[in-house]
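*Asks:* Can you keep this structure in mind? I'll have questions shortly.
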Amino acid sequence: MCKRLYGFLSWLASFTAVNTLIIYFAVGAYAYNALEGWDLEDAAYYLVITMTTVGYGDFAPATPEGRLFTCVYALLGITLGFRALSPIAEALLRSIDHAEQKTWNFLERHGFVAPHADMSSVEALSGGAANVNYCRHYCLALIGPLFVMIVGVILARTLEAHSWVDSIYWTIVTMTTIGYGDITPHTDAMKVATVIFVPVAVVSLANGITRVQMTNLRRKIRETDQAKIADKLLLREANGNPDETLTEAEFLVSVLKDNDIVDDLTLAIIRAEFRELVSTGEGAFETRVLDSRAVFRELQADGRIAHRGSEPLGTEIGNIALVNTKAFDGGYKEWRQYHWEKQVAAHARPKPTVIATPANSSSKVNGNMGASRFCDLGCYRTDKPVRNELV
936 MCKRLYGFLS
946 WLASFTAVNT
956 LIIYFAVGAY
966 AYNALEGWDL
976 EDAAYYLVIT
986 MTTVGYGDFA
996 PATPEGRLFT
1006 CVYALLGITL
1016 GFRALSPIAE
1026 ALLRSIDHAE
1036 QKTWNFLERH
1046 GFVAPHADMS
1056 SVEALSGGAA
1066 NVNYCRHYCL
1076 ALIGPLFVMI
1086 VGVILARTLE
1096 AHSWVDSIYW
1106 TIVTMTTIGY
1116 GDITPHTDAM
1126 KVATVIFVPV
1136 AVVSLANGIT
1146 RVQMTNLRRK
1156 IRETDQAKIA
1166 DKLLLREANG
1176 NPDETLTEAE
1186 FLVSVLKDND
1196 IVDDLTLAII
1206 RAEFRELVST
1216 GEGAFETRVL
1226 DSRAVFRELQ
1236 ADGRIAHRGS
1246 EPLGTEIGNI
1256 ALVNTKAFDG
1266 GYKEWRQYHW
1276 EKQVAAHARP
1286 KPTVIATPAN
1296 SSSKVNGNMG
1306 ASRFCDLGCY
1316 RTDKPVRNEL
1326 V
């Protein structure tokens, strides 16, 4: 029995998000119709409220069979169902993020906020520490959940005729998955809207909180004077060897470990994966690098490169690149010219913008509001000397 259940779960998990959702809702709707007499709308509403753990309590199985089925199906919904629903909700959030970025770019072009800079550039940090506009990061993290919250308030206000206070209350209680149940959807239109709104709302809030936490962690790392903990980092790696040294790459790894971003097991797995990727290279493992040839070999092994035949150069079918695999190099040069270089250009970061300021300058550039017309409430403040302002 356990093996069959495990096989069923593995089979269900192997499906794409859409297929998994179709199976989850179809089986759930059929079961609740047979066990509880619910129609499709009520069953779908109950399944969404269950998988997102909102649990208003306005719908609940009354029969012993329905309750036993829920015991199993609720676990499936929280794990497989919600996991399948998350990519769809995140796709909607990416659209919101894109709109956020366009809005912020508009503000940058018109001088309301400081221009964006590439914080990965070491050259941009030469001469001093980075002065980062954290307002931008926090705003971008929270605008998405705020937009979704406004949509929820409008839905509750228009489809259920709730007051503004009750609409805001229902939206917040839903987004946080508290689900008190004192205000719940009653109209058919609101139930249908809730089926769509609740997953997006829950995922958007969780995504926003995660982004805020990551911003806080990155801020902590950026504002930590690593020189003051150099002895701690070196002692951790020394393991009894007083002559231990750290390269730049080893120093980066040590800082990540110190902030609990990675652990030794994770690093060991990543190193093993890297060795596998460069296993066909030349020379010692320590000198091998991951290059486009290694990527080409892995794509071939993964079935993402196929023979082109009579198709024109640069043809792609889904995520499969078509090349002349019968060429002397297996199609590598063709793939590099017509597929890889195009992807590299598409993923290229914009040229970094650096605003140079004196070390003793404040968040206002040259004594005016040149860096930002409204974002001057600690947005750029750090405890270190400032040479460059990065957004």
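So for the sequence shown, the working numbering puts the first residue at 936; every next one is plus one.
Yeah, the Cβ is synthetic: ideal placement off N, Cα and C, and Gly gets one too.
Grouping DSSP H, G and I as helix and E and B as strand, with all else coil, what is His-1072?
*Replies:* Three-state DSSP puts His-1072 in a helix.
*Asks:* Tell me the rounded alpha-carbon separation between Asp-1193 and Val-1147.
*Replies:* Going by the C-alpha atoms only, they are around 20 Å apart.
*Asks:* For the region 1168–1180 and the region 1119–1134, state whether three or more C-beta atom pairs, one from each stretch, are separated by less than 8 Å.
*Replies:* Contact fails: fewer than three Cβ-Cβ distances are below 8 Å.
*Asks:* How would you write the range of the alpha helix (DSSP H) that Leu-1003 sits in, first residue to last?
*Replies:* First-last of the alpha helix (DSSP H) with Leu-1003: 999–1011.
*Asks:* Between the alpha carbons of Tyr-991 and Thr-1106, how many angstroms are there, rounded?
*Replies:* Approximately 12 Å, taken between the alpha carbons.
*Asks:* Specify the secondary structure class of Ala-1283 as computed by DSSP and reduced to three states.
*Replies:* Residue state, collapsed to three classes: coil.
*Asks:* Quick check on the DSSP output: what are the complete beta strand (DSSP E) runs of length 3 or more inside the region 1152–1198, in order along the chain?
*Replies:* Qualifying beta strand (DSSP E) stretches: none in this window.
*Asks:* What does Ala-1241 pair with, by DSSP beta-bridge criteria?
*Replies:* Looking at the DSSP assignment, Ala-1241 forms a beta bridge with Leu-1257.
*Asks:* Could you check if Ala-1379 is buried or exposed, using at least 16 other CB atoms within 10 Å of its CB as the buried criterion?
*Replies:* Residue 1379 lies beyond the range of the chain shown here (936 to 1326); nothing can be said about it.
*Asks:* Considering only C-alpha positions, which residue in the set Trp-1270, Gly-1012, Asp-1226, Thr-1093 is nearest to Arg-1239?
*Replies:* If we check each option's Cα against that of Arg-1239, Trp-1270 comes out closest.
*Asks:* Helix, strand or coil: which one does DSSP assign to Val-1147?
*Replies:* If DSSP states are grouped into helix, strand and coil, Val-1147 belongs with the helices.
*Asks:* For Thr-1260, which residues from the same chain have a beta carbon less than 6 Å from its beta carbon, with the 5 sequence-adjacent residues on both sides left out?
*Replies:* Within the same chain, Thr-1260 has close Cβ partners His-1242, Gly-1266.
*Asks:* Distance check for Ala-966 and Gln-1036, CA to CA, integer angstroms please.
*Replies:* Whole-angstrom Cα-Cα distance: 44 Å.
*Asks:* Starting from the Cα of Ala-979, find the closest Cα among Ala-1128, Asn-1151, Ala-1236 and give me that residue.
*Replies:* Nearest of Ala-1128, Asn-1151, Ala-1236 to Ala-979, Cα basis: Ala-1128.
*Asks:* Taking Ala-1207 as the reference, give the member of Asp-1195, Glu-1217, Glu-1221 with the closest Cα.
*Replies:* Nearest of Asp-1195, Glu-1217, Glu-1221 to Ala-1207, Cα basis: Glu-1221.
*Asks:* What does the Cβ neighbour count give for Leu-1257, buried or exposed, with the cut at 16 atoms within 10 Å?
*Replies:* Buried, since its Cβ has 16 or more Cβ neighbours within 10 Å.
*Asks:* Counting pairs of Cβ atoms below 8 Å between the region 1189–1204 and the region 1152–1161, do you hit three or more?
*Replies:* Enough Cβ pairs lie closer than 8 Å, so yes.
*Asks:* With a cut-off of 9 Å, does the C-beta of Gly-1249 fall near any C-beta of chain D?
*Replies:* The structure shown contains no chain D, having only a single protein chain.
*Asks:* Pick from Ile-1204, Ile-1013, His-1072, Gly-1114: whose alpha carbon is nearest that of Trp-1039?
*Replies:* The shortest C-alpha separation from Trp-1039 is found at His-1072.
*Asks:* Could you check whether Thr-1112 and Glu-1330 sit closer than 9 Å to each other, using their CB atoms as the reference points?
*Replies:* The requested residue 1330 does not occur in the structure, where the chain is confined to residues 936 to 1326.
*Asks:* How big is the Cα-Cα spacing for Leu-1225 and Glu-1233?
*Replies:* Distance between the alpha carbons of Leu-1225 and Glu-1233: 11 Å.
*Asks:* Looking at Val-989: is its Cβ nearer than 9 Å to the Cβ of Gly-1114?
*Replies:* The answer is yes: Cβ separation under 9 Å.
*Asks:* Buried or exposed, going by whether 16 or more other CB atoms sit within 10 Å of the CB of Met-1149?
*Replies:* By the neighbour-count rule (16 or more Cβ atoms within 10 Å), Met-1149 is not buried but exposed.
*Asks:* Of the residues Val-1067, Ala-1141, Asn-1068, which one's Cα is nearest the Cα of Met-1084?
*Replies:* Nearest option by C-alpha distance: Ala-1141.
*Asks:* Express the C-alpha separation of Leu-970 and Ser-1075 in angstroms, rounding to a whole number.
*Replies:* Here residue 1075 is Leu; the residue named in the question, Ser, does not match the sequence. Going by the C-alpha atoms only, they are around 46 Å apart.
*Asks:* Using a Cβ-Cβ cutoff of less than 8 Å, which residues in the same chain neighbour Ala-1185 once the five nearest sequence positions on both sides are dropped?
*Replies:* According to the sequence displayed, residue 1185 carries Glu and not Ala. Cβ within range, chain order: Glu-1172.
*Asks:* Val-953 to Gln-1161, Cα distance in whole Å?
*Replies:* Computed Cα separation, rounded: 46 Å.
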